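Contents: one structure, followed by commentary.
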Amino acid sequence: MPFLDVLTSGQLLFAALVTGSLYALVALGLNLVYGTMRMLNVAHGDLVMLGAYAAYWAFTLAGVSPLAAAPVVAGVGAALGYALYRGLFQRLIGGAQIDAGRVEANSLLLFFGLSIILQNVAALAFTPNNRAYQYLDNVVRIGNVSMTGNRIAVLAIAGLTCIAVALFLSRSVAGLAMRAVIERREAAYIVGVDVDRVQWSSFALGFGCAGLAGVLLSMLEQFSPFSGFPFTVAGFIVIILGGLGNLLAGLLAALLLGVIETYGVALTSANLRSVLLYGVFVGALVLFPNGLLARLKGRR
Amino acid sequence: MARLRSSAWILAAAAGAAFLLVLPLFGNDYVVGVGLTVLMWIALTQSWCVLSKMTGYISLGHVVFYGLGAYLVVVTWQQVPLALAIVGAGLLAAAFAALVGLPVLRVRGPYFVILSFGVAELVKFSIMAAESAGGTASRILFGAPDLGVIYFAMFALAVAATLLLMGVSRSRFGHGLRSLRENEEAAETLGVPIVRYKLLAFVLSAAIPGMVGGVMALRSTYFVVGQVFDPMISITVIAMAIIGGGDDARGPLLGVVFLALLSELLWSRAPLLYMVILGSILIVFVLILPNGLAGLLARQARSPTAVAAKAAR
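Those protein sequence lines, which keep their order, are chains A and B. To convert, take the position in the first sequence, counting from 1, and add 70; that gives the working numbering. To convert, take the position in the second sequence, counting from 1, and add 1; that gives the working numbering.
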């Protein structure tokens with residue numbers, strides 16, 4: 071395609087929006103767990119993968135529509151998050167204060183072990199083959215842009231969920247407590263925020279978002295037990311570009327990543343998709359060398 | 002007491018080295034292959050420790066040096082003398098570390114961990130894209146030297162990596178690295194040239210895996226980019242170092258032997274199950290045995306009788 075046609079194509083813009091909205095949802099869950107507990111969940115993408123399998127089996131074995139399965143999968147994801155917090159991660163962190171360096175390194179290795187286990191258990195249980203199913207693939211035309219029903223549904227659900235979580239964080243008491251812990255942990259503890267409750271609920275909310283993102287992924291494209299990690303990487307890019315606890319900026323960063331990926335692939339070739347993704351990832355980290363922790367500290 | 006234990010260590014290490022040295026004289030190809038694998042992991046893990054254990058900058062991208070070294074040897078196959086190509090593989094890996102070191106080592110903590118992974122994957126996918134653009138999906142190597150030559154080359158690399166880590170660990174440079182691991186700002190204030198030290202440690206830790214990759218490329222007649230840049234290699238190295246524990250060249254040896262035996266039993270027969278076990282071991286060691294097998298041995302040495310002996314002195 072000539073350069074200008076690519077830039078003005080509504081088709082590509084729509085594709086970028088769909089990818090971006092999915093990335094936003096993935097990054098949201100990652101951001102909540104990192105924000106409240108300073109834990110980089112490298113297994114986050116693998117939870118997305120498990121959500122995709124749950125939707126796949128529900129649809130192919132029981133004929134349950136992914137739209138109906140979505141809330142159930144999100145709920146199971148949340149329960150899993152709660153259980154993991156209580157079982158593994160609670161003992162890593164104390165009350166008000168976090169020895170950031172130690173917790174970050176140890177939790178990273180724990181999540182890393184978890185990620186290896188999830189990928190390979192999934193491969194053992196479901197075979198390493200790619201899976202996909204057909205759902206809502208009727209074509210809708212608006213202007214000169216043709217969209218399939220499943221893509222519209224993904225954009226709508228991911229977008230609405232992000233808005234709902236944003237409203238929860240800015241309007242409800244529990245959400246404000248969560249933001250307080252993200253921004254000033256010690257201060258939140260002193261003024262009586264139940265930090266433990268904030269932590270388990272952000273784990274649950276984060277894992278629930280990952281499960282939901284998995285259902286949406288399964289509606290879009292084929293996936294395998296090893297499809298999760300690229301989503302973890304995409305989530306990290308969004309967090310690094312967007313900002314900790316800054317949801318609006320995170321949303322914009324996710325859309326930007328969707329645009330970079332979609333247009334980059336359209337302008338070059340599909341072989342370069344991973345090169346692009348990791349290129350942006352490395353670039354973002356090198357430009358913000360100390361991540362967001364340092365930026366937050368700088369603001370204080 | 003301490004002297005007794007360290008002489009026991011030296012004895013065990015010397016016996017192990019002597020055993021590995023004479024192994025090709027009586028072992029069949031399978032046994033020599035296992036020995037080669039053990040030596041490869043020793044070389045990779047000890048060289049990883051030069052940066053990651055000494056400075057606390059945990060690299061999840063050690064495989065990038067291995068892959069670059071292997072790639073160089075395969076690309077220059079039968080155009081450059083092999084010995085030269087393998088030395089070149091080490092130099093290429095070291096040069097790559099020197100090139101990316103400054104920006105990458107500014108990134109700290111968990112961000113460095115995921116960045117090192119990202120750099121390795123970026124290099125892997127870039128080379129893959131370049132190879133497929135050039136129309137070569139895989140390459141075939143004819144006329145590689147026989148297993149014995151590969152084995153002794155790897156033996157030399159394993160010894161070199163162990164001596165390198167021992168030398169760094171005991172030197173003034175090594176103490177500087179440890180001080181910046183504990184507190185980078187404090188170390189800098191005390192006059193440790195942290196930027197130079199980190200970069201030097203990174204470059205030193207890169208050269209040996211480059212040569213290891215170059216030697217291992219000769220082991221199979223078939224070359225695939227994805228295989229020599231497999232993130233599994235980095236993961237295994239970290240697992241071996243964590244399982245081994247300790248703060249010098251001994252711990253990794255324990256970790257390598259433990260995990261190499263496990264992987265020999267399982268990896269070829271049930272790779273997925275092996276990975277599940279590897280992940281579980283990682284979790285158990287982080288939660289319960291953060292100082293690894295070396296820490297466990299040291300704790301045993303500090304048991305009541307040992308403490309009493311020390312008190313009596």
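We put the CB at the ideal spot given by N, CA and C, even for glycine. Since we're looking at a predicted model, the values are computed, not measured.
Check: From A125/A, T338/A, Y203/A and G183/A, residue whose alpha carbon lies closest to that of V142/A; Outcome: A125/A
Check: Segment contact flag, the stretch 101–112 of chain A with the stretch 258–278 of chain A, C-beta cutoff 8 Å, min 3 pairs; Outcome: yes
Check: Residues in the stretch 124–147 of chain B having any Cβ partner in chain A nearer than 7 Å; Outcome: F126, S127, A130 and S133
Check: Cβ shell of L142/B (< 8 Å), same chain only, five flanking positions each side left out; Outcome: V75, W78, A218, L219, S221, T222, Y223 and F224
Check: 8 Å Cβ cutoff, A85/A in contact with chain B; Outcome: no
Check: Chain-ordered chain C contacts of V191/A [CB-CB under 7 Å]; Outcome: As a matter of chain content, chain C is missing from the structure shown, whose protein chains are A and B.
Check: Three CB pairs or more closer than 8 Å across the stretch 242–258 of chain A and the stretch 89–100 of chain A; Outcome: no
Check: Chain A residues whose Cβ lies nearer than 8 Å to that of I234/B; Outcome: By Cβ distance, chain A contributes nothing, its closest Cβ being about 14 Å from I234/B, past 8 Å.
Check: Residues of the stretch 96–126 of chain A whose Cβ lies closer than 8 Å to any Cβ of chain B, in chain order; Outcome: L110 and V112
Check: Residues bridged to T89/A [DSSP beta-bridge criterion]; Outcome: T89/A is not bridged to any residue.
Check: Within 8 Å, strictly: CB atoms of G298/A and D116/A; Outcome: yes
Check: Alpha-carbon spacing of F182/A relative to V209/A, whole angstroms; Outcome: 40 Å
Check: Beta-carbon gap between T46/B and A208/B smaller than 8 Å; Outcome: no
Check: Short CB-CB distance (under 8 Å) between F301/A and chain B; Outcome: no
Check: Segments assigned alpha helix (DSSP H), at least 4 residues, entirely inside the stretch 203–291 of chain B; Outcome: 226–229, 232–245, 251–267 and 272–289
Check: Beta-bridge pairing of R108/A - partner residues as DSSP gives them; Outcome: DSSP lists no partner for R108/A.
Check: Uninterrupted beta strand (DSSP E) stretches inside the stretch 277–306 of chain A (no shorter than 3 residues); Outcome: none
Check: Where S272/A meets chain B, residues with beta-carbon distance less than 9 Å; Outcome: Chain B residues near S272/A: none, gap ~18 Å exceeds 9 Å.
Check: Environment of Y31/B [buried if 16+ CB atoms lie within 10 Å]; Outcome: exposed
Check: First through last residue of the beta strand (DSSP E) which encompasses S216/A; Outcome: V215 to T218
Check: At least three beta-carbon pairs within less than 8 Å, the stretch 178–195 of chain A to the stretch 276–290 of chain B; Outcome: yes
Check: Minimum Cβ-Cβ distance from S269/B to chain A less than 8 Å; Outcome: no
Check: Per-residue DSSP class, three states only, for V209/A; Outcome: strand
Check: Own chain, CB closer than 6 Å to E189/B, minus 5 neighbours either side, in chain order; Outcome: I195
Check: Within-8 Å CB hit, S281/B to chain A; Outcome: yes
Check: Distance between beta carbons of L166/B and A250/B, contact taken as under 8 Å; Outcome: 4 Å
Check: Supposed contact pair V120/B and V105/B - C-beta distance, whole angstroms, cut 8 Å; Outcome: 6 Å
Check: Within chain A, the residues that E185/B reaches when beta carbons sit closer than 8 Å; Outcome: Neighbours of E185/B on chain A: none; closest Cβ ~10 Å, over 8 Å.
Check: Neighbourhood of C50/B by C-beta distance below 7 Å, restricted to the same chain and skipping five residues each side; Outcome: L166, A242 and P253
Check: 6 Å CB neighbourhood of F156/B in its chain, flanking five on each side removed; Outcome: L40
Check: Alpha helix (DSSP H) segment containing A145/B, residue limits; Outcome: Run containing A145/B: none; DSSP gives neither H nor E here.
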